Amino acid sequence: EVHEQVIKTNLLGYMNGAHAVLPIFKQQQYGLIINNISIGGYLPVPYGAGYSASKFGLRGFSEALRGELSAWPGIYVCNLYPAFLDTPGIQHAGNYTGKSLKPAPPVYSPERLAQAMVEMVKNPKDSLSIGSASTLLKLAHAVFPQLTTKLTGAFMRKYFKVADTLPSTSGNVFNTVNYGMSTHGGWGLPGKPRAHQKYIAAGLLAGFAAGLFLFTSKK
1 EVHEQVIKTN LLGYMNGAHA VLPIFKQQQY GLIINNISIG GYLPVPYGAG
51 YSASKFGLRG FSEALRGELS AWPGIYVCNL YPAFLDTPGI QHAGNYTGKS
101 LKPAPPVYSP ERLAQAMVEM VKNPKDSLSI GSASTLLKLA HAVFPQLTTK
151 LTGAFMRKYF KVADTLPSTS GNVFNTVNYG MSTHGGWGLP GKPRAHQKYI
201 AAGLLAGFAA GLFLFTSKK
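Residue numbers for the sequence shown follow the numbering used here, beginning at 1 and rising by one.
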């Protein structure tokens, strides 16, 4: 039931929206659809199979729709792929792991995504990654899909061992919640965010390189 609702929200919601506006776009010969997919459209999320299914499905739907609309050069289907954002999204999310969840750094400001949407309206593109971490993770999974999936799963299991215990919750999967109403979720790093993000992105790259070395050395 939970997986079904996630699919309805993250995939069918976008499909229904496109279905509603496309007749208008075709009649006027122009229009713009922006789908906020997230890096989850490329990188599987262990222990979030329903979420991954919805995001991979949304990416496939968007690319297929773009092909169908190639006869209408004035209609654009644009995909955004942000990494983790500093929003209350995780506090609102359904969580059945029994553990407290936190976004993996680097965490980007929601204003950065909003600005990307504005730029997408001005200059439409097929896709845009938000943040260096998103670009790195997308590339890593494209080149080393098995390795990145195994490393992500191992990271999650290691985190669960030290994370605080919490009761399971459906969050806002079925109903709205009355907490965490601010734009930001309080996950931002202190100091100079851009500097932190560069160091962490470099750490991600080094981590994948080390994992690749260990993976290949066992063969």
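Even glycine gets a Cβ: it sits at the ideal position worked out from N, Cα and C. Predicted model, so just to flag it, every value in this text is computed and none were measured.
- Item | Helix, strand or coil at Ile-90 [DSSP, three-state] | helix
- Task: Could you work out which residue in Leu-22, Tyr-159, Ser-132, Gly-50 is closest to Trp-72 when comparing CA atoms only?
- Result: Leu-22
- Query: With respect to the beta strand (DSSP E) encompassing Leu-32, which residues constitute its N-terminal and C-terminal limits?
  - Reply: 31 to 36
- Query: Can you tell me the Cα-Cα spacing of Gly-131 and Glu-1, whole angstroms?
  - Reply: 33 Å
- Skipping 5 residues on each side, what residues in its chain have a beta carbon closer than 7 Å to that of Ser-129? Tyr-81, Thr-135, Lys-138
- Query: Buried or exposed: Ile-39, going by 16 or more other Cβ atoms within 10 Å of its Cβ?
  - Reply: buried
- Task: Could I get the ranges of all uninterrupted beta strand (DSSP E) runs contained in the stretch 9 to 64, with 3 residues as the minimum, in chain order?
- Result: 31 to 36
- Query: DSSP three-state call for Tyr-81: helix, strand or coil?
  - Reply: strand
- Task: Look at the alpha carbon of Met-120 and the alpha carbon of Arg-112, and state the distance between them as a whole number of angstroms.
- Result: 12 Å
- Message: I'd like to know whether the C-beta atoms of Gly-171 and Thr-87 end up nearer to each other than 7 Å.
- Response: no
- Task: Name the residue from Pro-106, Lys-158, Ser-127, Ala-142 whose alpha carbon lies nearest to the alpha carbon of Lys-99.
- Result: Lys-158
- Message: What would DSSP say about Lys-125, mapped onto helix, strand or coil?
- Response: coil
- Might you give, ordered along the chain, the residues of its own chain that have their beta carbon closer than 7 Å to the beta carbon of Phe-56, omitting 5 neighbours on each side? Gly-41
- What is the residue span of the alpha helix (DSSP H) that Met-156 lies within? 145 to 162
- When every heavy atom of the ligand SAH is checked, does at least one fall within less than 6 Å of the C-beta of Asn-172? You won't find the ligand SAH in this model; it holds no ligand whatsoever.
- Which residues bound the alpha helix (DSSP H) around His-3? 2 to 7
- Message: Quick check on this structure: which residue in Lys-125, Asn-36, Tyr-179 has the alpha carbon closest to the alpha carbon of Thr-59?
- Response: The amino acid occupying residue 59 in the given sequence is Arg; Thr does not appear at that position. Selected option, being the one with the closest Cα: Asn-36.
- Buried or exposed: Ala-116, going by 16 or more other Cβ atoms within 10 Å of its Cβ? buried
- Message: Going by DSSP in three states, Lys-102 sits in which element: helix, strand or coil?
- Response: coil
- Task: Specify the secondary structure class of Thr-135 as computed by DSSP and reduced to three states.
- Result: helix
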